[in-house]
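In what follows, a single structure is set out as structure tokens and then discussed.
There are 2 protein chains.
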Amino acid sequence: MHALITGAAGMIGRKLAERLTRDGAPDGKPLDQLTLVDVVEPAAPANFGGVLMRMTLDLASPGSAASTVAGRPDVIFHLAAVVSGEAEADLEKGYRVNFGGTRNLLDAVRLRGATTGWAPRLVFASSMAVFGGDMPDVIDDDFFLTPQTSYGAQKAMCEHLVADYSRRGFIRGIGIRLPTICVRPGKPNKAASGFFSGIIREPLNGQEAILPVGEDVRHCMASPRSAVGFFLHAMMLDTAQLGIQPNLIMPALSVTVAEQIEALERVAGSSAVKHIRRQPDAAIDKMVRGWGRAVDARRARALGFVVETSFDEIVREYIDEEMPAHRA
Amino acid sequence: MHALITGAAGMIGRKLAERLTRDGAPDGKPLDQLTLVDVVEPAAPANFGGVLMRMTLDLASPGSAASTVAGRPDVIFHLAAVVSGEAEADLEKGYRVNFGGTRNLLDAVRLRGATTGWAPRLVFASSMAVFGGDMPDVIDDDFFLTPQTSYGAQKAMCEHLVADYSRRGFIRGIGIRLPTICVRPGKPNKAASGFFSGIIREPLNGQEAILPVGEDVRHCMASPRSAVGFFLHAMMLDTAQLGIQPNLIMPALSVTVAEQIEALERVAGSSAVKHIRRQPDAAIDKMVRGWGRAVDARRARALGFVVETSFDEIVREYIDEEMPAHRA
Chain A
1 MHALITGAAG MIGRKLAERL TRDGAPDGKP LDQLTLVDVV EPAAPANFGG
51 VLMRMTLDLA SPGSAASTVA GRPDVIFHLA AVVSGEAEAD LEKGYRVNFG
101 GTRNLLDAVR LRGATTGWAP RLVFASSMAV FGGDMPDVID DDFFLTPQTS
151 YGAQKAMCEH LVADYSRRGF IRGIGIRLPT ICVRPGKPNK AASGFFSGII
201 REPLNGQEAI LPVGEDVRHC MASPRSAVGF FLHAMMLDTA QLGIQPNLIM
251 PALSVTVAEQ IEALERVAGS SAVKHIRRQP DAAIDKMVRG WGRAVDARRA
301 RALGFVVETS FDEIVREYID EEMPAHRA
Chain B
1001 MHALITGAAG MIGRKLAERL TRDGAPDGKP LDQLTLVDVV EPAAPANFGG
1051 VLMRMTLDLA SPGSAASTVA GRPDVIFHLA AVVSGEAEAD LEKGYRVNFG
1101 GTRNLLDAVR LRGATTGWAP RLVFASSMAV FGGDMPDVID DDFFLTPQTS
1151 YGAQKAMCEH LVADYSRRGF IRGIGIRLPT ICVRPGKPNK AASGFFSGII
1201 REPLNGQEAI LPVGEDVRHC MASPRSAVGF FLHAMMLDTA QLGIQPNLIM
1251 PALSVTVAEQ IEALERVAGS SAVKHIRRQP DAAIDKMVRG WGRAVDARRA
1301 RALGFVVETS FDEIVREYID EEMPAHRA
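Chains as they are written, first to last, in our numbering: chain A, 1 to 328; chain B, 1001 to 1328.
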């Protein structure tokens, strides 16, 4: 089996590569070949015995996408994107990378398939940011898309491409509408949602974290481990089950910021939460309140996608994966 | 007032230019300047005393869009597109023209506005084809988009661009989700919906018409006169009323093919309907049944958009506008 991961130097891409090379595909098929693509050189996964190709290129640059699919991978995980904050700050970059890069990749697949009959599985990292505006407390896959960020608009446009190219048989597409991933390891990125991770990660590491929104903010989250699980599960699905709508809301844990902080205190003690400093930012508060508060992911759940059931579990997973010295 | 019309050589574009030059803007403002753009040279409207510019170019070609907006029109009517049948038959052309041309135009406006603060009204010709799949009998603006043609996917992607560029202040955008326009004058075009007009137009002109679908097919329609009326009304709206969703389902008359034929018989007699020949085409039948059967255009109606109330009226309008020798 040959898998291609774009955005492979990113946090999810890296973890996905590690899981795939360690465990193979979920159905037990061995991974013989792995192609990793990103604008910076992706790390080589440890102990991979198959053929590894690492490509440093920008999918948004004319012609570059074709080289990534020349080896006709069986499955393409398309994760490459700039994050919401950056897409809002730099309109051209957001459209160029998030939309243009996706379009280039899909067209490269289409053109390669035209002469060979190849039509790979393509798992697209979409986002709950495709939703926006006044939303009911719980939204499902039938809810209409009025994204309120350029990032969300770009992801929505890509979802239409994935659906249309699937309908026409160029790909077997699946769009994974990711909730906010929490707890992200490492340094803060430019995503407006970054603080959801920061208020857990920094205190666990004895550092100050800024909380820019009210504690009543409710939001949908899943751990990095669950996100990788979504992609691996999407790898095995019978895509015929998706019907005409291949873009799926993923199961997510709906919690308030206050509940996050309570979980942190239960897992790491009262000293940890003292590192959280309230510093309201009206722009971030407004943006975040425009996102989904809770989801009804019945389609995805019926297809076998799963997520954590408590935020305590998510905090413990972070410690387990990212803080080896602190494992219980 | 300076108006720009893309797709100005098309049927609606031509009628819109004629109405604008004859009557001025709906609020009585005179039209001083009119720029007409199409891939073939647009006709000059009769008796126009203002500055007329006609441009023959392809908005999808790099750099061409900038020249169309150099004069900073007050309102842009963006009608240029290839029709659904052609976009389905030629995937690359459909994406290049319907999506790429729109993106180029919007980016040309954005870049021109960046140095001048100009943010024109932009009225985008969208389509009911943004909807698809299993639909309830009546759909409204909150219904989710799962287009089942590439044309519909392209229009949906453009709607997201129009919404995002409006949100960011580059344009004051309004998307007009047109129902099928009937009765189209002239020769059949490549639209899969062409027969809805053909079964009226050809019999009225003593010619045979092919009916490729069952008479129970129900569909949403508006006359060319109503379509022009939608665009003119969109010219005057306070766009702040559109909130975060600038794409509007237009009012439409919901009729079955059988009801169309009955209206034709009432207006033009039983001899007319004998020119209709049933020749089922499973592909067209399937495509057409995937489109909206009836709409709840309460948002558009509340904003003042109007449409015909009977198909008899639509048949009589065709005779009045296109068959001067037969006027009652």
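Ideal Cβ positions, reconstructed from N, Cα and C, are used throughout, including at glycine.
Curious, which full-length beta strand (DSSP E) runs of at least 3 residues does the stretch 1010-1095 of chain B contain?
The stretch 1010-1095 of chain B contains these whole beta strand (DSSP E) runs: 1033-1038, 1051-1056, 1075-1078.
Among B:1288, B:1167, B:1287, B:1283, which residue has its Cα nearest to the Cα of residue 1122 (chain B)?
It is B:1167 whose Cα lies nearest to the Cα of residue 1122 (chain B).
Determine the chain A residues that contact residue 1133 (chain B) at a beta-carbon separation under 9 Å, and present them in chain order.
Ordered by position in chain A, the residues that pass the 9 Å Cβ test against residue 1133 (chain B) are 243, 244, 245.
Give the interface partners of residue 146 (chain A) over in chain B, defined as CB-CB distance under 8 Å, in chain order.
Under the 8 Å cutoff, chain B gives 1163, 1244, 1245.
Have a look at the DSSP bridge pairing and note the partners of residue 172 (chain A).
Residue 172 (chain A) pairs with A:121.
Using beta carbons (cut-off 9 Å, strictly below), is residue 1124 (chain B) in contact with chain A?
Not one chain A Cβ lies under 9 Å of residue 1124 (chain B).
Taking Cβ-Cβ distances shorter than 9 Å, what residues in chain A pair up with residue 991 (chain B)?
Since the displayed chain B opens at 1001 and closes at 1328, residue 991 (chain B) lies outside it and no answer follows.
Pull up the distance between the alpha-carbon of residue 1182 (chain B) and that of residue 1170 (chain B), whole angstroms please.
Whole-angstrom Cα-Cα distance: 34 Å.
Going by C-alpha to C-alpha distance, which of A:118, A:6, A:128, A:156 sits closest to residue 297 (chain A)?
Here the closest residue by C-alpha is A:128.
Please tell me whether residue 160 (chain A) has its Cβ less than 9 Å away from any Cβ of chain B.
Yes, residue 160 (chain A) counts as interfacial toward chain B.
Can you list, in chain order, the residues of its chain with a C-beta nearer than 6 Å to that of residue 33 (chain A)? Leave out the 5 residues immediately preceding and following it.
For residue 33 (chain A), where only same-chain residues beyond five positions count, the Cβ hits under 6 Å are 2, 50, 51.
Is residue 59 (chain A) close to chain B? Criterion is C-beta to C-beta, closer than 9 Å.
Not an interface residue.
What in chain A is Cβ-close to residue 1177 (chain B), meaning under 8 Å?
In chain order: nothing, as chain A lies at least about 13 Å away.
For the alpha helix (DSSP H) that residue 1158 (chain B) lies in, which residues bound it at each end?
Residues 1150-1167.
For residue 1289 (chain B), which of helix, strand or coil comes out of DSSP?
Helix at residue 1289 (chain B).
Which of the three DSSP states is assigned to residue 104 (chain A) in this structure?
Looking at residue 104 (chain A) - three-state DSSP - the assignment turns out to be helix.
Does DSSP classify residue 128 (chain A) as helix, strand or coil?
Three-state DSSP puts residue 128 (chain A) in a helix.
Report the residues of the stretch 66-84 of chain A with a CB closer than 9 Å to any CB of chain B, ordered along the chain.
Of all residues in the stretch 66-84 of chain A, none has a Cβ within less than 9 Å of some Cβ in chain B.
Assign residue 255 (chain A) to one of three DSSP states: helix, strand, or coil.
Here residue 255 (chain A) sits in strand by DSSP.
Going by DSSP, name the residue or residues bridged to residue 1295 (chain B).
Beta-bridge pairing links residue 1295 (chain B) to B:1139.
When the Cα of residue 1015 (chain B) is compared with those of B:1247, B:1120, B:1303, B:1185, which residue comes out closest?
Cα-wise, what sits closest to residue 1015 (chain B) is B:1185.
Can you tell me which residues form a DSSP beta bridge with residue 1247 (chain B)?
According to DSSP, residue 1247 (chain B) bridges with B:1175.
Please state the DSSP three-state secondary structure of residue 277 (chain A).
Three-state DSSP puts residue 277 (chain A) in a strand.
Based on Cα-Cα distance, which residue from B:1217, B:1109, B:1272, B:1035 lies nearest to residue 1259 (chain B)?
With distances taken between Cα atoms, residue 1259 (chain B) lies closest to B:1217.
Looking at C-alpha atoms only, which residue of A:36, A:192, A:138, A:322 is the closest neighbour of residue 84 (chain A)?
Here the closest residue by C-alpha is A:192.
Residues bridged to residue 210 (chain A) by DSSP?
For residue 210 (chain A), which the question treats as bridged, DSSP gives the partners A:277.
With DSSP run on the structure shown, which of helix, strand or coil describes residue 112 (chain A)?
The answer is helix: DSSP assigns residue 112 (chain A) an H, G or I state.
Taking the Cβ atom as the reference point for each residue, do residue 82 (chain A) and residue 108 (chain A) lie within a distance shorter than 9 Å?
The answer is no: Cβ separation not under 9 Å.
What residues from chain A crowd round residue 1287 (chain B), counting only those whose CB sits closer than 7 Å?
Here the premise fails: no neighbours, minimum Cβ distance about 12 Å.
Starting from residue 1233 (chain B) and walking both ways along the alpha helix (DSSP H), at which residues does that stretch end?
Looking at the DSSP string, the run of the alpha helix (DSSP H) that includes residue 1233 (chain B) is 1224-1234.
At what residues does the alpha helix (DSSP H) containing residue 1204 (chain B) begin and finish?
From DSSP, the alpha helix (DSSP H) with residue 1204 (chain B) extends over 1194-1204.
Shortest alpha-carbon distance to residue 42 (chain A) belongs to which of A:20, A:287, A:9, A:24?
Of A:20, A:287, A:9, A:24, the residue nearest in Cα terms is A:9.
Quick one: grab the DSSP three-state call for residue 8 (chain A).
Note: residue 8 (chain A) maps to coil in three-state DSSP.
Answer yes or no: does any C-beta atom of chain A fall closer than 9 Å to that of residue 1091 (chain B)?
For residue 1091 (chain B), the answer is yes, since a Cβ of chain A falls inside 9 Å of its Cβ.
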